[in-house]
Structures are given as C-alpha cells and as structure tokens.
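Data first, discussion second: the structure below is written as structure tokens.
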Amino acid sequence: MLDQNTPPLITLTTDFGYKDPFVGMMKGVILKINPKARIVDITHDISPHNIREAALTLGMSYNFFPPKTVHVVVVDPGVGSNRRPILVITDHHYFIGPDNGVFSLVYSSHSETLGVVQITSEHYFMPHRGPTFHGRDIFAPAAAWLTRGIETTKFGDMITDYVTLPFPSVSLPTNTTIEGEVVYIDRFGNAITNIKGEALNTLYNTNTGGKLKVVSKGKQTDLKNYYSEVADKGLYSLVNSTGYLELFVYRGNAAALFDIKIGDIVGVMLTG
Amino acid sequence: MLDQNTPPLITLTTDFGYKDPFVGMMKGVILKINPKARIVDITHDISPHNIREAALTLGMSYNFFPPKTVHVVVVDPGVGSNRRPILVITDHHYFIGPDNGVFSLVYSSHSETLGVVQITSEHYFMPHRGPTFHGRDIFAPAAAWLTRGIETTKFGDMITDYVTLPFPSVSLPTNTTIEGEVVYIDRFGNAITNIKGEALNTLYNTNTGGKLKVVSKGKQTDLKNYYSEVADKGLYSLVNSTGYLELFVYRGNAAALFDIKIGDIVGVMLTG
Amino acid sequence: MLDQNTPPLITLTTDFGYKDPFVGMMKGVILKINPKARIVDITHDISPHNIREAALTLGMSYNFFPPKTVHVVVVDPGVGSNRRPILVITDHHYFIGPDNGVFSLVYSSHSETLGVVQITSEHYFMPHRGPTFHGRDIFAPAAAWLTRGIETTKFGDMITDYVTLPFPSVSLPTNTTIEGEVVYIDRFGNAITNIKGEALNTLYNTNTGGKLKVVSKGKQTDLKNYYSEVADKGLYSLVNSTGYLELFVYRGNAAALFDIKIGDIVGVMLTG
Numbered sequence: 261m262l263d264q265n266t267p268p269l270i271t272l273t274t275d276f277g278y279k280d281p282f283v284g285m286m287k288g289v290i291l292k293i294n295p296k297a298r299i300v301d302i303t304h305d306i307s308p309h310n311i312r313e314a315a316l317t318l319g320m321s322y323n324f325f326p327p328k329t330v331h332v333v334v335v336d337p338g339v340g341s342n343r344r345p346i347l348v349i350t351d352h353h354y355f356i357g358p359d360n361g362v363f364s365l366v367y368s369s370h371s372e373t374l375g376v377v378q379i380t381s382e383h384y385f386m387p388h389r390g391p392t393f394h395g396r397d398i399f400a401p402a403a404a405w406l407t408r409g410i411e412t413t414k415f416g417d418m419i420t421d422y423v424t425l426p427f428p429s430v431s432l433p434t435n436t437t438i439e440g441e442v443v444y445i446d447r448f449g450n451a452i453t454n455i456k457g458e459a460l461n462t463l464y465n466t467n468t469g470g471k472l473k474v475v476s477k478g479k480q481t482d483l484k485n486y487y488s489e490v491a492d493k494g495l496y497s498l499v500n501s502t503g504y505l506e507l508f509v510y511r512g513n514a515a516a517l518f519d520i521k522i523g524d525i526v527g528v529m530l531t532g
Numbered sequence: 261m262l263d264q265n266t267p268p269l270i271t272l273t274t275d276f277g278y279k280d281p282f283v284g285m286m287k288g289v290i291l292k293i294n295p296k297a298r299i300v301d302i303t304h305d306i307s308p309h310n311i312r313e314a315a316l317t318l319g320m321s322y323n324f325f326p327p328k329t330v331h332v333v334v335v336d337p338g339v340g341s342n343r344r345p346i347l348v349i350t351d352h353h354y355f356i357g358p359d360n361g362v363f364s365l366v367y368s369s370h371s372e373t374l375g376v377v378q379i380t381s382e383h384y385f386m387p388h389r390g391p392t393f394h395g396r397d398i399f400a401p402a403a404a405w406l407t408r409g410i411e412t413t414k415f416g417d418m419i420t421d422y423v424t425l426p427f428p429s430v431s432l433p434t435n436t437t438i439e440g441e442v443v444y445i446d447r448f449g450n451a452i453t454n455i456k457g458e459a460l461n462t463l464y465n466t467n468t469g470g471k472l473k474v475v476s477k478g479k480q481t482d483l484k485n486y487y488s489e490v491a492d493k494g495l496y497s498l499v500n501s502t503g504y505l506e507l508f509v510y511r512g513n514a515a516a517l518f519d520i521k522i523g524d525i526v527g528v529m530l531t532g
Numbered sequence: 261m262l263d264q265n266t267p268p269l270i271t272l273t274t275d276f277g278y279k280d281p282f283v284g285m286m287k288g289v290i291l292k293i294n295p296k297a298r299i300v301d302i303t304h305d306i307s308p309h310n311i312r313e314a315a316l317t318l319g320m321s322y323n324f325f326p327p328k329t330v331h332v333v334v335v336d337p338g339v340g341s342n343r344r345p346i347l348v349i350t351d352h353h354y355f356i357g358p359d360n361g362v363f364s365l366v367y368s369s370h371s372e373t374l375g376v377v378q379i380t381s382e383h384y385f386m387p388h389r390g391p392t393f394h395g396r397d398i399f400a401p402a403a404a405w406l407t408r409g410i411e412t413t414k415f416g417d418m419i420t421d422y423v424t425l426p427f428p429s430v431s432l433p434t435n436t437t438i439e440g441e442v443v444y445i446d447r448f449g450n451a452i453t454n455i456k457g458e459a460l461n462t463l464y465n466t467n468t469g470g471k472l473k474v475v476s477k478g479k480q481t482d483l484k485n486y487y488s489e490v491a492d493k494g495l496y497s498l499v500n501s502t503g504y505l506e507l508f509v510y511r512g513n514a515a516a517l518f519d520i521k522i523g524d525i526v527g528v529m530l531t532g
C-alpha cells in the first residue's frame with residue numbers, strides 16, 4: 261500500500277503523440293479517481309507501436325523517480341485482443357500496462373523481487389469501456405486506484421508467464437574485444453549502445469593496460485569523458501549519463517553525419 | 261462556486277505549439293492568481309488558427325475530466341478585434357475562450373443546461389494587457405479567478421447570440437445507408453468520421469439483418485471490434501473509443517496509405 | 261528563503277525535446293527531493309545547443325511567474341567542462357543553470373539587484389553524478405533543495421565574472437529612424453524584433469508628428485494594433501504581447517511567405 265503522506269506520483273509513457281487529446285483524456289480519468297495524484301510525462305513520442313523503444317525509454321528513466329511511483333506505459337498495438345493488462349511490482353516501483361514485453365528491462369533488473377499481477381478486477385476499470393483505448397479505460401484508472409491505496413492483490417492474480425522481449429546482448433569475441441550495437445538514438449543524434457561502461461572497465465582491468473578504441477561504421481573513435489572535450493566534428497564516444505557507451509559529435513548530430521542507425525554494430529577493442 | 265476541498269483543475273487547449281514560451285506564460289499567470297490550481301494540457305498542437313479542429317479536440321475529451329473543471333481554449337485568430345471573450349457554463353464543466361465557435365460541440369451537447377457569459381469585468385484581467393495575447397491577459401486570469409471561487413455572474417452578463425460553427429452532419433440517403441465524412445485524423449493515421457456507433461446499431465436493428473459494409477475511397481471495408489483483429493495491411497473500420505466510426509490500418513497509417521483526408525465521404529450500407 | 265505556505269514552483273527550459281526521457285528524469289529527481297514542488301515546462305524545444313534562443317525564451321516569460329519561482333535552464337553544450345553551474349538571484353526569482361550566457365537577459369534587466377552564486381556544494385548534487393547530464397545531476401537537485409528552503413549562501417560563493425552574451429542592440433542612425441533586427445520567429449511565423457514599443461513612442465513624441473513606417477526585406481509595412489485588423493496576406497507590423505515590434509501576416513506565416521530570418525534588419529522611420 262502506498263504511503264499517504266506524500267502526494268502519489270504517476271508517470272506516463274505512450275506513443276500517443278502531442279497533437280491528439282488521448283493523453284489529456286487519461287489525465288482526466290486519473291484525476292477524477294484521485295484528485296491528489298501528481299502526473300509526470302516521461303514521453304508521449306514513442307514511435308507508434310514501437311514496444312522496444314518504449315521498454316528502453318522506461319528502462320533509462322524509472323529509477324530516477326521516488327519510491328512507490330506508478331509508471332503507466334501505453335504502447336499497445338494488441339489492444340482489445342487477448343493480450344493481458346498487467347501490474348508489475350518491484351521493490352521500489354509499480355508498473356501498469358499491456359503484457360507485450362514493454363516491461364522487459366524491468367524484469368531483467370529485478371528478477372529476485374518481482375511480482376506480476378494480471379489485472380482482471382473490472383471494479384477498477386472505467387464503467388463504459390471499449391476495446392480500443394485501454395490506456396484510458398483500464399491502465400489509467402487502475403493506476404489511479406493504486407495510488408488511492410488499493411492493495412495490489414485486489415487487481416487480480418499473480419502470473420509468471422508474462423511476455424519478455426529479447427534485447428540484443430553484448431558479446432566478447434576475444435578477451436580484448438567487446439561487440440554490441442546501437443539501441444537508441446536521442447534528439448541530439450547521439451547513438452546509445454547496449455555496452456555498459458563497467459564492461460569497458462572490466463576489459464581494461466582484465467588485461468595489462470593499453471588503450472580502448474571504439475569502432476563503428478569502419479571508423480575508430482577515441483573514448484572521451486564529456487562532449488566538449490573535443491572541438492572538431494569527428495565521431496567520438498563516451499560513457500553516457502545512463503552508464504552506456506555512446507557515439508557522439510560535439511555540437512553535431514552523429515547519427516545524421518555518420519549515417520548511424522539502430523542495430524549498427526559497435527566494437528570496443530583494447531589496443532597495445 | 262467551486263468546491264474548495266479538491267484541488268481546482270484547469271485544462272489548456274491551444275494552437276501555440278511546444279516551442280514558444282506562450283503556454284508557459286499562461287501557466288505562470290494562472291499560478292500567480294491561484295497557486296493551488298492544477299493545470300493539465302489537452303494539446304497545444306492544434307493547427308494554427310484551426311477553430312474547427314480545436315472544437316473537435318475539446319469535444320472528444322472534456323467529458324473525461326472531473327466535475328467543475330475549467331477548460332480554457334485559445335485558438336483565436338480574431339484576438340484584439342471585437343470578438344468577445346466568453347465563459348460557458350454547463351451542468352458539469354466551465355469553458356473559457358474566444359466567442360468564435362470553438363465551443364460549438366459543447367453547445368450542441370448541452371442545449372438545455374447551457375449558460376454563456378460575455379467576460380467584461382476587467383477586474384479579472386491582467387492589469388497591463390495588450391490586444392494580441394488574450395490567452396495570457398484575459399482567459400488564463402479569468403480561469404484562475406474562477407477556480408478561486410468567484411461567482412460566474414461576476415464576470416459579465418449572459419448572452420444568447422454566441423457564435424456556433426456548422427459541423428458536417430450525417431445523412432441517411434436510404435433506409436439501408438448512412439453517409440458521413442472524415443472529420444479528424446489522429447497521429448496513428450486513423451480517420452475518425454462523424455458517424456456515431458449508435459447510428460450503425462439503429463441501421464442494423466431497423467432492418468431485417470444483413471451485414472454492415474463501410475465504404476470509403478471506393479473501397480469496401482469490414483467492420484471490426486478492435487485493431488489487432490486483422491493481420492494484413494488492408495483498410496478496415498471500427499467504432500472507436502469516443503463512439504465514432506473510424507477507418508484504420510492495423511499497425512499502419514490509414515490516412516497516408518489510402519490518401520484519406522478530412523472531408524472525405526464515408527458511407528455505411530447494409531448488404532443482404 | 262522560500263515562503264513555505266504556497267507550493268514551491270520550478271520551471272524548466274531545455275533543448276532536450278519531447279521524445280527522449282531526459283526531462284522526465286529531471287522531474288523524477290526534483291520530486292524525490294521535494295515531493296511538493298510544482299513543475300511547469302516553459303519549453304523543451306529550444307534548438308539544440310542554442311544558448312541565445314534559450315536566453316530570449318526565458319527573457320520573454322519568467323516575469324509572468326509568481327515571486328520565488330525557480331527557473332531551471334539546461335542548454336548546456338559545455339557540460340562536463342570547467343564551465344560553472346550557477347544560481348542567479350534577483351529581487352523576485354531564482355535561476356539555475358550553466359554559466360554560459362543563458363541568463364544574459366536576466367542580468368541586463370536586474371543590474372542593481374543581482375546576485376550570482378557559483379554552485380559548488382556537492383551536498384546538493386546527485387550522489388552518483390556523471391560529466392554529461394548536469395540537468396539531472398546538478399541543476400534539478402539544486403533547484404529542488406532551494407525550494408525546500410536551503411539558503412542560497414549554502415550553495416557556494418558569489419561570483420561577479422559570470423558569462424554575458426552580447427545581444428544585438430538597436431541603433432538610431434538619425435532622429436527619425438530606428439534600426440534593429442529580427443531576434444525570434446514564433447510557431448505562427450511572426451518575426452519578433454529587438455525594437456521596443458516604447459522606442460516607437462519616443463520617436464513619435466520627439467518629432468512633430470508624421471506616420472511611422474516599418475521597413476523590412478525592402479517592403480514598407482503599416483503598423484497595426486492587432487492581427488485581425490487586416491484582411492489581406494500582406495506583411496504588417498505591430499507591438500506584440502511582450503512589448504516588442506513584430507512583423508506578421510494575418511492568418512499566415514510571415515517568416516515563410518516573406519523569407520524572414522533571424523538577423524534580418526528591420527527599420528522604423530517617421531515619414532512626413
């Protein structure tokens with residue numbers, strides 16, 4: 261049950277965009293049920309139907325929110341079908357959305373303290389709901405009721421066969437190289453990979469010194485600490501604010517200038 | 261007068277976009293007058309000067325907000341001229357904006373319980389106001405004062421000659437057909453018509469059975485219940501979450517793929 | 261110290277856009293430190309790395325917010341380098357961001373009541389901070405702590421050598437002419453200049469009458485009071501809602517139709 265002393269917090273992550281009134285409707289529904297709820301937008305500009313992008317976006321951000329925050333994610337191409345609405349419980353946060361893999365990165369980070377409830381209790385749905393907008397009719401009201409202190413067990417039964425999407429993993433072809441790929445490109449054109457900063461440290465420490473080189477698109481890039489450490493418009497890399505290796509151009513758009521796309525292979529090698 | 265126990269709620273719908281600071285200024289003005297007001301954005305991406313689009317957007321969404329919500333709409337090409345600022349009162353909500361037809365769909369849904377006040381009391385305006393930004397200088401402060409409990413009668417006198425925009429209506433050329441048109445295209449490319457789901461039921465019930473076919477752009481489309489009921493990229497239709505007939509492509513952009521535009525005719529026919 | 265009776269208010273102005281989760285992360289950090297803080301977005305669509313645009317956007321809007329508002333600005337290409345994080349104190353507001361000139365227009369308006377603190381007290385930073393996202397790791401937490409009543413002196417020492425960006429100034433080549441330039445183009449295509457409305461009054465009053473003409477792109481435009489005062493699609497001018505001369509096309513995009521760009525010269529002349 262949520263602590264009633266601080267205002268309850270709900271975040272929203274959707275592919276509804278900023279033009280249509282769908283997000284506004286969800287907020288209206290939430291505030292009708294719990295007028296004290298605070299609502300924070302993570303983003304509504306997930307590419308339409310892109311479950312993987314939503315999972316990554318949520319994965320980058322949810323940890324920065326206070327304990328007991330309820331994170332609602334609505335990227336839901338299967339709405340109305342038999343895909344299940346779920347409530348995910350970790351030691352610090354709640355997550356509500358469709359069971360389509362959008363919480364995959366939450367599962368992989370909380371394997372020991374995870375509970376997943378299939379939301380079936382229609383008592384916490386909108387009374388006149390339809391089959392095409394569960395964000396408004398199921399997920400928003402369930403989140404609002406949860407912030408009013410309804411026990412998670414009231415929403416439905418625990419399940420263990422929730423959907424997990426495979427995410428590309430990092431490989432170590434030799435003990436002086438790491439191979440990963442670009443998984444996200446941000447508004448500045450920075451290309452974020454799935455290679456953790458710690459993996460670079462391990463590579464460096466396992467071996468007897470040398471210099472780390474990051475290779476992408478046939479180009480060797482130097483590893484820097486921050487963006488403005490360089491002055492030219494070349495391709496460089498750094499470990500970014502979420503702890504992952506990232507390719508960048510200082511005050512430039514790396515993805516556009518070097519034609520970098522999601523899925524592009526990025527290698528790290530220790531040179532003598 | 262507003263109930264003082266729950267935090268007062270103001271929604272904003274404008275064509276100001278997300279780049280300029282105009283919406284932020286309005287929020288500052290509101291919070292200066294009533295620091296307890298909650299502000300929810302419905303959208304700020306109404307096409308510039310498109311009063312009809314704003315009316316539809318508001319019409320789709322206002323009912324999902326709690327009673328006593330104050331809905332401010334600023335799509336106002338006539339700002340500074342003699343078009344009047346108005347406060348619209350229905351049984352459940354308040355609406356504040358220019359008298360240019362932007363509340364037309366509110367009027368048509370509340371003909372029996374409607375009050376419209378011409379806002380003239382300069383006491384509730386910004387002290388140093390100009391002729392080009394009434395969103396900031398008149399509508400935002402009026403909404404903020406209203407949420408502080410100022411009686412609606414204090415804002416000005418009732419009027420009855422408020423502006424109503426004509427909206428396309430549905431026709432029934434025969435007793436087995438309905439003809440309407442596309443009135444809104446959402447970010448997914450779904451084409452929303454002005455044909456209500458209930459009209460389809462009536463058509464079906466009036467007659468002795470048969471199958472409903474939706475015709476648009478020379479194509480016959482099948483009526484479905486939800487998006488993922490189909491697997492191919494054909495054009496289909498369903499009754500959407502706001503209760504209107506909508507053309508869609510599953511995980512595709514119907515408007516782009518089938519060149520559907522606002523104003524396109526959509527027919528529904530009962531076939532034997 | 262902030263008054264504890266009204267909810268504390270923080271505004272955000274960044275170049276992070278609306279797609280990535282960076283702004284959401286900042287809000288999570290703020291609400292973790294001060295769950296009562298209210299957060300208002302001014303804009304997140306500052307052109308990437310455009311410090312000048314951020315300074316203008318902030319300059320147009322901060323005065324409309326309540327006293328004691330904390331304005332956080334994160335347009336910060338030099339993040340991680342030795343550019344300093346600062347807290348700016350004026351008689352009515354606080355400002356937090358990088359010392360790169362983004363507060364230049366605040367400095368020029370408050371020269372007599374200004375205090376600038378270099379934020380050095382790591383006690384108010386995020387515990388695990390990196391060199392690439394000070395918006396999340398330094399500015400957001402500093403703002404949140406400030407709204408919890410931490411004295412400004414606790415954040416670091418006063419400095420006087422803060423960075424000021426030169427902004428184009430208006431010249432008066434003769435006593436019947438003013439010359440300025442376009443400094444901002446809004447979403448409607450209106451071209452806002454750096455010529456104050458008061459300067460036009462002075463020009464008019466200094467001389468013995470006549471008519472003011474605004475000249476831009478080789479075209480003479482008439483000065484109007486509000487947009488809908490004209491009906492045709494010609495180029496006109498008015499003194500806008502922030503008190504500056506602006507070029508516009510009624511229900512049209514002046515910048516696009518007349519190829520107006522930031523930096524274009526605009527002249528005002530008194531004709532006989």
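Chains as they are written, first to last, in this note's numbering: chain A, 261 to 532; chain B, 261 to 532; chain C, 261 to 532.
We put the beta carbon where it would ideally sit given N, CA and C, even for glycine.
None of the values given here were measured: they were computed from a predicted structure.
Taking DSSP as the reference, what is the three-state secondary structure of B:Val377?
As a first step, residue 377 of chain B is located in the second sequence; it is residue number 117 there, counting from the start. DSSP places B:Val377 in strand when its eight states are reduced to three.
Any contact of the stretch 306-318 of chain B with the stretch 331-342 of chain B, i.e. 3+ C-beta pairs under 8 Å?
yes
Backbone CA spacing between A:Ala491 and B:Pro326 [nearest angstrom]
Numbered from its first residue, the first sequence carries residue 491 of chain A at position 231. Numbered from its first residue, the second sequence carries residue 326 of chain B at position 66. Taking C-alpha positions only, A:Ala491 is separated from B:Pro326 by approximately 53 Å.
Please report how far the alpha carbon of C:Leu262 lies from the alpha carbon of C:Arg344, in whole angstroms.
In the third sequence, the residue the question calls residue 262 of chain C occupies position 2. In the third sequence, the residue the question calls residue 344 of chain C occupies position 84. Note on C:Leu262: pLDDT 45, under 50, position unreliable in the model; no value is reported.
Between B:Gly470 and the rest of its own chain, which residues show a CB-CB distance below 7 Å, the 5 nearest in sequence each way excluded?
Residue numbering aside, residue 470 of chain B sits at position 210 when the second sequence is read from its first letter. Cβ neighbours of B:Gly470 within its own chain (closer than 7 Å, five residues either side excluded): Leu530, Thr531, Gly532.
Could you give the first and the last residue of the continuous beta strand (DSSP E) run that contains B:Tyr496?
What you label residue 496 of chain B is simply residue 236 of the second sequence in a count that begins at 1. DSSP places B:Tyr496 inside the beta strand (DSSP E), whose first and last residues are 496-499.
Scan the stretch 384-405 of chain B for residues whose Cβ lies nearer than 7 Å to a Cβ of chain C and list them as they occur along the chain.
Gly390, Pro391, Thr392, Phe393, Arg396
Cα-Cα separation, A:Gly416 to A:Val376:
Locating residue 416 of chain A in the first sequence gives position 156, where the first residue counts as 1. Locating residue 376 of chain A in the first sequence gives position 116, where the first residue counts as 1. The straight-line gap from Cα to Cα measures roughly 10 Å.
Decide if the stretch 359-367 of chain C is in contact with the stretch 387-399 of chain C; the criterion is three or more beta carbon pairs, one per stretch, under 8 Å apart.
Not touching, per the Cβ criterion.
Residues of the stretch 350-365 of chain C whose Cβ lies closer than 9 Å to any Cβ of chain A, in chain order
For the stretch 350-365 of chain C, no residue has a beta-carbon sitting nearer than 9 Å to a beta-carbon of chain A.
CB A:Val526 to CB A:Leu495, shorter than 8 Å?
Against the first sequence, residue 526 of chain A aligns to sequence position 266. Against the first sequence, residue 495 of chain A aligns to sequence position 235. Taking 8 Å as the Cβ cut-off, A:Val526 and A:Leu495 do not qualify as a contacting pair.
Using a Cβ-Cβ cut-off of 8 Å, state whether B:Pro326 counts as contacting chain A.
Here the question's residue 326 of chain B lines up with position 66 in the second sequence. Yes, contact with chain A.
From A:Ile302, A:Ile293, A:Pro267, residue whose alpha carbon lies closest to that of A:Phe276:
Along the first sequence, one-based indexing puts residue 276 of chain A at 16. Measuring from the Cα of A:Phe276, the nearest candidate turns out to be A:Ile302.
If you count every other CB in all the chains shown that lies within 10 Å of the CB of B:Pro268, and 16 or more means buried, which is it?
Indexing the second sequence from 1 puts residue 268 of chain B at position 8. It is buried - the Cβ of B:Pro268 has at least 16 other Cβ atoms within 10 Å.
Residue range of the unbroken alpha helix (DSSP H) whose run includes A:Glu411:
Position 151 of the first sequence, counting from 1, holds the residue named residue 411 of chain A. Careful: A:Glu411 lies outside any alpha helix (DSSP H) and carries neither H nor E.
Using a C-beta to C-beta distance shorter than 7 Å, which residues of chain B count as neighbours of C:Ile302?
Counting from one through the third sequence, the residue named residue 302 of chain C turns up at place 42. What C:Ile302 touches in chain B: Pro281, Gly284.
With a CB to CB cut of under 7 Å and the five nearest residues on each side skipped, what residues in its chain are close to A:Arg312?
The residue you call residue 312 of chain A lines up with position 52 of the first sequence. Within the same chain, A:Arg312 has close Cβ partners Leu425.
When the cut-off is 8 Å and only beta carbons count, does A:Arg295 lie next to chain B?
As a position in the first sequence, residue 295 of chain A is number 35, starting the count at 1. Position check: residue 295 of chain A holds Pro in this sequence, whereas Arg was assumed. Yes, because at least one Cβ of chain B sits closer than 8 Å to the Cβ of A:Pro295.
Mind listing which residues of the stretch 303-337 of chain A have their C-beta closer than 7 Å to chain B's C-betas, in chain order?
Pro308, His309, Pro337
Closer than 7 Å by C-beta to A:Asp524: which residues in its own chain qualify, once you throw out the five before and the five after it? Chain order, please.
Counted from its first residue, the first sequence places residue 524 of chain A at position 264. Closer than 7 Å at the Cβ level, and outside the excluded window around A:Asp524, lie Glu441, Val442, Ser476, Lys477.
Please say whether C:His370 and C:Thr350 have beta carbons closer to each other than 8 Å?
The residue given as residue 350 of chain C occupies position 90 in the third sequence. The residue given as residue 370 of chain C occupies position 110 in the third sequence. Taking 8 Å as the Cβ cut-off, C:Thr350 and C:His370 qualify as a contacting pair.
Output needed in chain order: residues of the stretch 493-520 of chain A with a Cβ under 7 Å from some Cβ in chain C.
Leu498, Asn500, Ser501, Arg511
Between B:Ile270, B:Thr271, B:Thr502, B:Lys479, which lies nearest to A:His388 when the distance is taken from Cα to Cα?
If you number the first sequence from 1, residue 388 of chain A lands on position 128. That would be B:Thr502, whose Cα lies nearest to the Cα of A:His388.
Mapping DSSP to helix, strand and coil, what is C:Val454?
Against the third sequence, residue 454 of chain C aligns to sequence position 194. The sequence shown places Asn at residue 454 of chain C, not Val. Strand.
If you scan the stretch 303-391 of chain B from start to end, which runs of the beta strand (DSSP E) of 3 or more residues do you find wholly inside it?
330-334, 345-349, 354-358, 375-378
Cβ of C:Val339 within 8 Å of any chain A Cβ:
To locate residue 339 of chain C, count along the third sequence from 1; it is residue 79. True, the Cβ-Cβ gap to chain A drops below 8 Å.
Tell me whether the beta-carbon of B:Leu507 lies closer than 8 Å to the beta-carbon of B:Ile522.
Residue mapping note: residue 507 of chain B aligns to position 247 of the second sequence, counting from 1. Residue mapping note: residue 522 of chain B aligns to position 262 of the second sequence, counting from 1. No, the Cβ-Cβ distance between B:Leu507 and B:Ile522 is not below 8 Å.
With DSSP collapsed to three states, give me the class of A:Lys521.
On the first sequence, residue 521 of chain A is found 261 positions in, with the first residue counted as 1. Coil.
Does the beta carbon of A:Phe276 sit closer than 8 Å to a beta carbon anywhere in chain B?
Numbered from its first residue, the first sequence carries residue 276 of chain A at position 16. Output row for A:Phe276: interface = yes.
Nearest-angstrom beta carbon gap, A:Ala402 and A:Leu347 [assumed within contact, 8 Å]:
As a first step, residue 347 of chain A must be located in the first sequence, where it is residue number 87. As a first step, residue 402 of chain A must be located in the first sequence, where it is residue number 142. 7 Å between Cβ atoms; contact.
If distances are taken between C-alpha atoms only, which option among A:Asp446, A:Asp359, A:Lys287 comes closest to A:Met418?
For the purposes of this step, residue 418 of chain A is identified with residue 158 of the first sequence, where counting begins at 1. The residue with the shortest Cα to Cα distance from A:Met418 is A:Asp359.
What does C:Gly409 touch in chain A if you count any residue whose Cβ is under 9 Å from its own?
Here residue 409 of chain C is taken as the residue at index 149 of the third sequence, counted from 1. Here the premise fails: no neighbours, minimum Cβ distance about 17 Å.
Close beta carbons around C:Leu406, own chain, < 8 Å, minus the five adjacent residues each side:
Mapped onto the third sequence, residue 406 of chain C falls at position 146. These residues qualify, in order along the chain: Leu262, Val330, Leu347, Tyr354, Ile356, Thr412, Phe415.
Which of the three DSSP states is assigned to B:Tyr278 in this structure?
As a position in the second sequence, residue 278 of chain B is number 18, starting the count at 1. B:Tyr278 falls in the coil class under three-state DSSP.
Closer than 9 Å at the beta carbon, the chain A residues around C:Leu269
If you number the third sequence from 1, residue 269 of chain C lands on position 9. Neighbours of C:Leu269 on chain A: none; closest Cβ ~14 Å, over 9 Å.
According to DSSP, C:Gly449 sits in a beta bridge with which residue or residues?
Counting from one through the third sequence, the residue named residue 449 of chain C turns up at place 189. Looking at the DSSP assignment, C:Gly449 forms no beta bridge with any residue, so it has no partner.
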